[in-house]
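The sequence shown lines up with residues 3 to 306 when you count with the working numbering.
Ideal placement from N, C-alpha and C gives every residue a C-beta, glycine not left out.
Note that this is a predicted model, so its numbers are computed, not measured.
A quick write-up on the structure given underneath.
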Amino acid sequence: MREDAVIVSCRPSPRLPTFRSTLTRHPRKRRNPSVTDTRVPRRRRFLVCEPRHFAVQYAINPWMHPDTKVDVDLAREQWQGLIRAYHDHGHAVDAVDPVPGLPDMVFAANSAVVVDGRVFGSLFHAPERRPESEHYETWFKAAGYDVHRSESVCEGEGDLVWTGRYLLAGTGFRTTREAHREVQEFFGHPVISLTLVDPYFYHLDTALFVLDDDNITYYPEAFSPGSREVLARLYPDAVLATREDAMAFGLNSVSDGRHVFIAPRAEALAARLADHGYDPVPVDLSEFHKAGGGIKCCTQEIRS
Numbered sequence: 003m004r005e006d007a008v009i010v011s012c013r014p015s016p017r018l019p020t021f022r023s024t025l026t027r028h029p030r031k032r033r034n035p036s037v038t039d040t041r042v043p044r045r046r047r048f049l050v051c052e053p054r055h056f057a058v059q060y061a062i063n064p065w066m067h068p069d070t071k072v073d074v075d076l077a078r079e080q081w082q083g084l085i086r087a088y089h090d091h092g093h094a095v096d097a098v099d100p101v102p103g104l105p106d107m108v109f110a111a112n113s114a115v116v117v118d119g120r121v122f123g124s125l126f127h128a129p130e131r132r133p134e135s136e137h138y139e140t141w142f143k144a145a146g147y148d149v150h151r152s153e154s155v156c157e158g159e160g161d162l163v164w165t166g167r168y169l170l171a172g173t174g175f176r177t178t179r180e181a182h183r184e185v186q187e188f189f190g191h192p193v194i195s196l197t198l199v200d201p202y203f204y205h206l207d208t209a210l211f212v213l214d215d216d217n218i219t220y221y222p223e224a225f226s227p228g229s230r231e232v233l234a235r236l237y238p239d240a241v242l243a244t245r246e247d248a249m250a251f252g253l254n255s256v257s258d259g260r261h262v263f264i265a266p267r268a269e270a271l272a273a274r275l276a277d278h279g280y281d282p283v284p285v286d287l288s289e290f291h292k293a294g295g296g297i298k299c300c301t302q303e304i305r306s
């Protein structure tokens with residue numbers, strides 16, 4: 003890996019300011035430039051973990067098959083491409099050291115959720131992943147954070163999505179409703195529970211992502227009827243995705259308010275986002291799809 007591929011820090015950075023990007027944009031022709039001009043990216047700080055030991059050694063979601071062969075060199079090359087994309091768009095990136103025997107540790111989003119500099123750690127559903135929590139907790143503590151250990155099964159930003167006002171919280175396959183209550187008591191922010199019903203979208207971050215402080219993108223059929231009604235009331239102008247978008251990992255995306263880092267195969271969703279004034283930035287993490295992960299799964303956001 004190039005030495006400049008990841009910036010590693012053990013000290014929390016100060017709150018990062020809003021900025022306007024002057025970097026090269028996605029080549030797709032904009033259909034609504036007046037809307038695009040109102041989209042202001044916000045500089046983010048991300049935590050990642052190099053896929054040095056990435057493999058598919060067990061099956062804990064429908065995407066995983068233990069006989070699947072992973073090209074580790076390709077996975078590292080794709081992951082480095084994601085880090086470069088974040089750097090190219092002005093975002094800060096920190097890294098946790100990977101640990102042998104923990105092949106899913108690359109999926110940093112599942113390790114915790116961080117809001118206002120407070121860290122709510124994870125208790126993984128699968129026993130194979132539970133040791134990951136300790137290593138992420140060690141990193142956060144070395145960086146000066148206190149970490150709350152969840153008493154209930156909770157898989158971090160996999161199922162807890164911060165919107166800027168409240169947390170959308172997934173349940174049905176991994177994170178429990180008891181964890182939703184625990185998260186609300188810890189952060190003091192409202193938590194809105196949403197029930198996932200399709201096992202291919204076992205985490206909330208495979209079915210929904212936040213575009214900015216005002217809007218989201220989601221695949222309605224991944225949710226129970228009541229949860230769909232809740233989302234429609236909260237976000238009447240949401241950008242809706244199809245099953246094809248979701249199966250292409252188009253909803254496992256990261257947005258900085260203007261640029262949307264998105265799987266290249268989710269072309270239809272990227273076009274709709276461009277219609278709404280966002281700049282899609284395609285990043286291929288297809289090797290990680292073999293384990294049911296993508297861009298967001300590999301990206302923990304540190305909100306200091």
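In whole angstroms, give me the CA-to-CA distance for Phe290 and His278. On the sequence shown, position 288 is the one that residue 290 refers to. On the sequence shown, position 276 is the one that residue 278 refers to. His278 has its alpha-carbon roughly 28 Å from the corresponding atom of Phe290.
Inter-stretch contact at 8 Å, needing at least 3 Cβ pairs: the stretch 46-61 / the stretch 293-305: With a cut-off of 8 Å on Cβ pairs, the stretch 46-61 is in contact with the stretch 293-305, counting three or more such pairs.
Could you tell me the alpha carbon to alpha carbon distance between Leu125 and Asp239, rounded to whole angstroms? Your numbering for residue 125 matches position 123 in the sequence shown. Your numbering for residue 239 matches position 237 in the sequence shown. C-alpha separation (whole angstroms): 34 Å.
Could you give the residue range of the beta strand (DSSP E) that holds Ile218? For the purposes of this step, residue 218 is taken as the residue at position 216 of the sequence shown. Residues 218-220.
Distance, Glu136 Cα to Gly166 Cα: Numbered from 1 along the sequence shown, position 164 holds the residue referred to as residue 166. Numbered from 1 along the sequence shown, position 134 holds the residue referred to as residue 136. In a straight line, the C-alpha of Gly166 is about 27 Å away from that of Glu136.
Inside the stretch 126-207 only - alpha helix (DSSP H) runs reaching at least 4 residues: Qualifying alpha helix (DSSP H) stretches, in chain order: 132-144, 179-189.
In this structure, does DSSP put Phe307 in helix, strand or coil? For the chain, the structure presents residues 3 to 306; residue 307 sits outside this window and is missing.
Alpha carbon of Glu157 to alpha carbon of Ala276, nearest angstrom: Looking up residue 157 in the sequence shown gives position 155. Looking up residue 276 in the sequence shown gives position 274. Those two C-alpha atoms are separated by around 31 Å.
Leaving aside the five residues before and after Gln186 along the sequence, list all residues of the same chain whose C-beta is less than 6 Å from its C-beta, in chain order. Stepping through the sequence shown from its first residue, residue 186 is reached at position 184. The beta carbon of Gln186 lies closer than 6 Å to those of Val193 in the same chain, with the five residues before and after it left out.
Proximity of Pro201 and Pro64 at Cβ, strictly below 8 Å: Here residue 201 corresponds to residue number 199 of the sequence shown, with the count starting at 1. Here residue 64 corresponds to residue number 62 of the sequence shown, with the count starting at 1. Against a cut-off of 8 Å, the Cβ pair of Pro64 and Pro201 comes out as a contact.
What number of angstroms, rounded off, separates the C-alpha of Pro100 from the C-alpha of Arg54? Taking the sequence shown and counting its residues from 1, the one referred to as residue 100 is at position 98. Taking the sequence shown and counting its residues from 1, the one referred to as residue 54 is at position 52. Here the alpha carbons of Arg54 and Pro100 stand approximately 7 Å from one another.
Minimum C-alpha distance to Tyr237 - residue among Phe211, Glu246, Ser226, Arg260: The residue given as residue 237 occupies position 235 in the sequence shown. Nearest of Phe211, Glu246, Ser226, Arg260 to Tyr237, Cα basis: Phe211.
Using a Cβ-Cβ cutoff of less than 6 Å, which residues in the same chain neighbour Arg1 once the five nearest sequence positions on both sides are dropped? For residue 1 there is no data in the structure shown, the boundaries of the chain being 3 and 306.
Three-way DSSP call (helix, strand, coil) for Gln80 in this model: Position 78 of the sequence shown, counted from the start, is the residue given in the question as residue 80. Helix.
Run the CB neighbour count on Lys31, radius 10 Å, all protein chains shown included, and call it buried at 16 or more, exposed below. Position 29 of the sequence shown, counting from 1, holds the residue named residue 31. Model confidence at Lys31 stands at a pLDDT of 42, short of 50, so the residue's coordinates are unreliable and nothing is read from them.
Confirm, please, whether the CB-CB distance from Trp164 to Arg305 is below 8 Å. Your numbering for residue 305 matches position 303 in the sequence shown. Your numbering for residue 164 matches position 162 in the sequence shown. In terms of Cβ geometry, Arg305 and Trp164 form a close pair [threshold 8 Å].
Once DSSP output is grouped into helix, strand and coil, what is the label at Ala243? Position 241 of the sequence shown, counted from the start, is the residue given in the question as residue 243. Correct three-state label for Ala243: coil.
How many angstroms separate the CA atom of Pro29 from the CA atom of Asn217? Locating residue 29 in the sequence shown gives position 27, where the first residue counts as 1. Locating residue 217 in the sequence shown gives position 215, where the first residue counts as 1. At Pro29 the pLDDT is 41, less than 50, meaning the model places this residue with poor confidence; the figure from the coordinates comes in the next sentence. If you take the alpha carbons of Pro29 and Asn217, they lie about 24 Å apart.
Could you tell me the boundaries of the beta strand (DSSP E) in which Asp281 lies? In the sequence shown, counting from the first residue as 1, residue 281 sits at position 279. Looking at the DSSP string, the run of the beta strand (DSSP E) that includes Asp281 is 281-284.
Straight-line gap, Ile264 to Phe188 (C-alpha atoms, nearest Å): For the purposes of this step, residue 264 is identified with residue 262 of the sequence shown, where counting begins at 1. For the purposes of this step, residue 188 is identified with residue 186 of the sequence shown, where counting begins at 1. Distance between the alpha carbons of Ile264 and Phe188: 31 Å.
To the nearest angstrom, how far is the alpha carbon of Leu198 from that of Ala268? As a position in the sequence shown, residue 198 is number 196, starting the count at 1. As a position in the sequence shown, residue 268 is number 266, starting the count at 1. A direct Cα-Cα distance of roughly 21 Å separates Leu198 from Ala268.
Determine, using beta carbons only, whether His89 and Asp258 come nearer to each other than 8 Å. As a first step, residue 89 is located in the sequence shown; it is residue number 87 there, counting from the start. As a first step, residue 258 is located in the sequence shown; it is residue number 256 there, counting from the start. Going by C-beta atoms, His89 is not nearer than 8 Å to Asp258.
CB-CB under 7 Å to His127, same chain, minus the five flanking residues each way: which ones, in chain order? Here residue 127 is taken as the residue at index 125 of the sequence shown, counted from 1. Excluding sequence neighbours, His127 sits near Val155, Glu157, Arg176.
Around the C-beta of Cys299, are 16 or more other C-beta atoms found within 10 angstroms, so that it is buried, or is it exposed? Numbered from 1 along the sequence shown, position 297 holds the residue referred to as residue 299. Classification of Cys299: buried, given that the 10 Å Cβ count is 16 or more.
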